[in-house]
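Encoded as C-alpha cells, the structure appears first; notes follow it.
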Amino acid sequence: MALTLLGLSGALTHDPSAALYIDGKLVAAAEEERFVRDKHAKNRMPYEAAKFCLEFAGITPAEVDAVAIPFAPISLAEPARWHYAKRYWYAPERALDAILTGNRRFFRYRRRIEWCLLQLGFDLKKVEVVPVEHHLAHAASAYHCSGFREKTAVLGIDGKGEYATTFFGYGENGKIHKIKEFYDPDSLGGLYGALTEYLGFEMLDGEYKVMGMAPYGDPDRYDFSRLAKFENGELKINTDYANVIGVRRYKENGKGYYFSPKLVDWLGPRRAGDIADDPYIHYAASMQKLFEDLSLQMIEHYLGDILRETGRLAFSGGGALNVKLNQKIIALPEVRELFVQPASGDAGTAVGAAAYVSVARGVPVEKMEHVYLGPAYSNEDVIAACARHPARPSWQRLDDVPQCIARLLAEGQPVAWFQGRMEFGPRALGGRSILGCPSAPGVADRINAQIKFRERWRPFCPSMLDRVGPQMLGSAHPAPFMTFTFEVAKGWKERVPEVVHEDGSSRAQVLRREFNPRYYDLMVELERLTGNGVVLNTSLNRRGEAMICSPTDALNMFFGCDLQYLVMEDLLVAKAAAQTPALPI
Numbered sequence: 001m002a003l004t005l006l007g008l009s010g011a012l013t014h015d016p017s018a019a020l021y022i023d024g025k026l027v028a029a030a031e032e033e034r035f036v037r038d039k040h041a042k043n044r045m046p047y048e049a050a051k052f053c054l055e056f057a058g059i060t061p062a063e064v065d066a067v068a069i070p071f072a073p074i075s076l077a078e079p080a081r082w083h084y085a086k087r088y089w090y091a092p093e094r095a096l097d098a099i100l101t102g103n104r105r106f107f108r109y110r111r112r113i114e115w116c117l118l119q120l121g122f123d124l125k126k127v128e129v130v131p132v133e134h135h136l137a138h139a140a141s142a143y144h145c146s147g148f149r150e151k152t153a154v155l156g157i158d159g160k161g162e163y164a165t166t167f168f169g170y171g172e173n174g175k176i177h178k179i180k181e182f183y184d185p186d187s188l189g190g191l192y193g194a195l196t197e198y199l200g201f202e203m204l205d206g207e208y209k210v211m212g213m214a215p216y217g218d219p220d221r222y223d224f225s226r227l228a229k230f231e232n233g234e235l236k237i238n239t240d241y242a243n244v245i246g247v248r249r250y251k252e253n254g255k256g257y258y259f260s261p262k263l264v265d266w267l268g269p270r271r272a273g274d275i276a277d278d279p280y281i282h283y284a285a286s287m288q289k290l291f292e293d294l295s296l297q298m299i300e301h302y303l304g305d306i307l308r309e310t311g312r313l314a315f316s317g318g319g320a321l322n323v324k325l326n327q328k329i330i331a332l333p334e335v336r337e338l339f340v341q342p343a344s345g346d347a348g349t350a351v352g353a354a355a356y357v358s359v360a361r362g363v364p365v366e367k368m369e370h371v372y373l374g375p376a377y378s379n380e381d382v383i384a385a386c387a388r389h390p391a392r393p394s395w396q397r398l399d400d401v402p403q404c405i406a407r408l409l410a411e412g413q414p415v416a417w418f419q420g421r422m423e424f425g426p427r428a429l430g431g432r433s434i435l436g437c438p439s440a441p442g443v444a445d446r447i448n449a450q451i452k453f454r455e456r457w458r459p460f461c462p463s464m465l466d467r468v469g470p471q472m473l474g475s476a477h478p479a480p481f482m483t484f485t486f487e488v489a490k491g492w493k494e495r496v497p498e499v500v501h502e503d504g505s506s507r508a509q510v511l512r513r514e515f516n517p518r519y520y521d522l523m524v525e526l527e528r529l530t531g532n533g534v535v536l537n538t539s540l541n542r543r544g545e546a547m548i549c550s551p552t553d554a555l556n557m558f559f560g561c562d563l564q565y566l567v568m569e570d571l572l573v574a575k576a577a578a579q580t581p582a583l584p585i
C-alpha cells in the first residue's frame, strides 16, 4: 500500500502551505497566499492549498495515512523554555507564561489544523496528526530533499519556531542528529528582521530588500558589533536594541516594532519612503556583514569538522534565503556543495514535516530537483478566463511560443510568462514570471517603475541555459532555484547588464531542459537572436501582492499595470495599444 502523507504549515500565523508525499515522491505543494490573494496569508490555515494537493493527486482524505505539522510541544525539562524566561526577564508576564503554559501555541495551532481538516472532509478519529519540531522540519526539508547520500552537515537559521532559532546538526543514513540549538531571543534571523523593520520594510517580506540595498552602502562605515556576539559557542543578541518584546518596543503610530527606542537614539529615526539613501544604505550593509560574519563563525564552530570530512551542507530556514551569505558559504574551501531548500521559509516546513515522517516510516523521499508543484491550466482554461474577464481581452494562438516570445523580448518588450505548473517557494523560476531581455537598455527600470511598482534600486535576476551558467558565473555549482549569488564573469557584465547587481553579482537560475522545456527553448531562441542564452526573470506579481496563480489572476494584474504582452500557455494576449510584430501563429 502507498504511504500518503500530507504536510500542513502555518503554526506561526504566516505562510501556511500544504505538501503531499506519496511513496516518497513530492506530488504537489503550494502556498495558501496564492489562492486567497493575500501575501503571506497571515492568520489563515492552508485550506485551499491542501484542497489543491488532494484534488491534484486524485485522492480523498480517507486515503491520507497521516498529517504532519511542523510544530511540536516542548518539554519543561528541556532548556528552551527556561532560556526564554531568563532572557526576557524584563517582561515577567511573558517569562512566566513560557514556564507555566509554554505549549499553548502548539495546542491552539493543533485545534486550528483539526478545524481545517474537518473542512476538508477528514475524519479526526481516523487520521493521525504527527507533530514535528519546527526546526527539525526545516532541517528535514534541507537534508532529506538534498539528495546527498553521504554524511551531510545540516544548518537552520530562522526567526524562531517553538523556541529554537538556530539548528546545527548532521544527517547520516537518513537520520538527522542534532548538535546544538539556540533559543529565542538569541536569533540572527530575528535580529535581521528587527533591522528590516527599522529600515522601513515589513518583517517577513523585506529582508531581501535589505539584502538588495546593502551593496550600495559601506559595511565598515558603522560598527554593528554591539548588536550581537558569538563567543564560547553561544550566540547572544543584545536585547537592549533588538529582538525586544513588551515594554522595550519602539512604538510609532500605535504599532510596536522588534527594535527599541535605544536603537533609534543610536542610529536616528526609522527610515521612511522608497529612497535608498545615506545613512540607511550603510546600515543595511553593516547588518548584512554582521549576519554573514556571525553565521560563518557559527558554521565553523559547530559544523567545520563535519564539512572538512564530507564537503556537503544542507541549509534551510528563512536565513537560507540570504543569497549573499550562501555565496560566502560556497566560497569556503571545505564546502564542495551547498543545497538550499528553495522554499526555505516557513512555507517549506510543510515539505519538511511530511518528509521527516515519511523517512521515519521507512520510505525515503526523492531529491528535490524542481519546484513546479502547483496548479497548471489548459488553453481552454485560459480562453474561459478571457471570456469571463471584464476587460474582454482578445487573444491569438501561437504555433511556436518560444520563438514568438523571444522575438518580443529581443525587441525590448517585457512579457508576462504564464506556463505549466506554478512554482512552490518565493522565487519565480519560469512558471509565473515577468521576462525581459537582459541586454536591452533600461528594461529593468521599466519593469520596476511601470509594472512591478517597486523600489528602483531592487535588482533583477537571470535565468540561463545550463551550458551558459559556468561561462557567465564562473562556477559549475548547481543553481536551479535562485538561492545563490555568483560573481559575474568578465565580459558578461557588459553583455547582460540588466541582471547584474551593483556589486557585480547575479542571483541566478541555471536551468536543465528536462525540468522546464518550454522555458529552456525560449532561452535557446533568445540566444539565437541576441547571442546570450540568458533572460531577465522576476516574479509575476505587483509590489505587495502574492505571485500569480490562475489565468484570472494574471489578467487582473496585466490590466492593472503597463505590461503590453501576456502569454498563457499557447495564447498571447496583447493590449490594444501594443504593436504585435508579425508572429508565426
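Residue numbers (the UniProt record's numbering): 1 to 585. In this text, a Cβ means the ideal position worked out from N, Cα and C, and glycines have one as well.
Query	Result
Between the alpha carbons of isoleucine 275 and methionine 211, how many angstroms are there, rounded?	15 Å
Taking tyrosine 21 as the reference, give the member of Lys39, Ala29, Arg271 with the closest Cα.	Ala29
Just to confirm, is the Cβ distance from proline 79 to phenylalanine 106 under 7 Å?	no
Helix, strand or coil: how does DSSP classify tyrosine 222 here?	coil
For glycine 436 versus leucine 536, is the C-beta distance shorter than 7 Å?	yes
Measure the C-alpha to C-alpha separation of glutamate 133 and lysine 262 and round it to an integer number of angstroms.	34 Å
In terms of residue numbering, what span does the beta strand (DSSP E) encompassing glycine 319 cover?	That residue, glycine 319, is in no beta strand (DSSP E); it is neither H nor E in DSSP.
With a threshold of 6 Å on Cβ separation, who are the neighbours of glutamate 181 within its own chain once the five nearest residues in sequence on each side are excluded?	Ala164, Phe167
Does the ligand MN have even one heavy atom less than 6 Å from the beta-carbon of alanine 385?	This structure simply doesn't include the ligand MN, nor any ligand for that matter.
Ignore the nearest five residues each way along the sequence and tell me which others in glutamate 334's own chain have a CB closer than 6 Å to its CB.	Leu307, Arg308
Is it buried or exposed for histidine 501, if we count other Cβ within 10 angstroms and need 16 for buried?	buried
If glutamine 509 and serine 463 are in contact, beta carbons under 8 Å, what's the gap, nearest whole angstrom?	4 Å
Determine the DSSP secondary structure at serine 286, reduced to helix, strand or coil.	helix
Quick one: is aspartate 220 buried, meaning 16 or more other Cβ sit within 10 Å of its Cβ, or exposed?	exposed
Using the rule of at least 16 other Cβ atoms within 10 Å of the residue's Cβ for burial, across every protein chain shown, is methionine 568 buried or exposed?	buried
Take the Cβ of leucine 96 as the centre, count every other Cβ of all protein chains shown within 10 Å, and call the residue buried at 16 or more, exposed below.	exposed
Which of the three DSSP states is assigned to phenylalanine 484 in this structure?	coil
Have a look at leucine 303 and glycine 317 and give me their C-alpha separation to the nearest angstrom.	17 Å
Quick check on this structure: which residue in Gly174, Tyr88, Gln297, Val359 has the alpha carbon closest to the alpha carbon of isoleucine 245?	Tyr88
Give me whichever residues DSSP pairs with threonine 152 in a beta bridge.	Gly171
Please check the pair aspartate 553 and arginine 37, which I expect to be a contact at CB under 8 Å, by giving their CB distance rounded to whole angstroms.	7 Å
Quick one: is alanine 139 buried, meaning 16 or more other Cβ sit within 10 Å of its Cβ, or exposed?	buried
So, helix, strand or coil for glycine 469, using DSSP?	helix
Let's test the definition: count the other Cβ atoms within 10 Å of the Cβ of aspartate 445 and tell me whether it reaches 16, buried, or not, exposed.	exposed
Do you know offhand how far alanine 18's Cα is from phenylalanine 315's?	21 Å
Return yes when the Cβ of alanine 406 is within less than 7 Å of the Cβ of leucine 522, no when it is not.	yes
Whole angstroms are fine: how far does the CA of valine 401 sit from the CA of leucine 332?	42 Å
What's the call for alanine 49, buried or exposed, on a 16-neighbour Cβ count within 10 Å?	buried
When the Cα of serine 225 is compared with those of Ala285, Gly171, Met203, Tyr170, which residue comes out closest?	Ala285
According to the neighbour-count rule (16 or more other Cβ atoms, all chains shown, within 10 Å of its Cβ), is lysine 490 buried or exposed?	exposed
Can you list, in chain order, the residues of its chain whose CB lies under 7 Å from that of aspartate 23, leaving out five sequence neighbours each side?	Ala2, Leu3, Val363
Distance check for alanine 98 and proline 92, CA to CA, integer angstroms please.	10 Å
Does the region 191-204 touch the region 240-257, meaning 3 or more C-beta pairs lie closer than 8 Å?	yes
Hey, valine 27 and alanine 68: beta-carbon distance below 7 Å or not?	no
Taking the alpha carbon of valine 468 as the point to measure from, which residue in Arg495, Gly174, Ala449 has its own alpha carbon closest?	Arg495
In chain order, what residues of the same chain lie with their CB nearer than 7 Å to the CB of glutamate 525, ignoring the 5 residues before and after it?	Pro402, Gln403, Ala406
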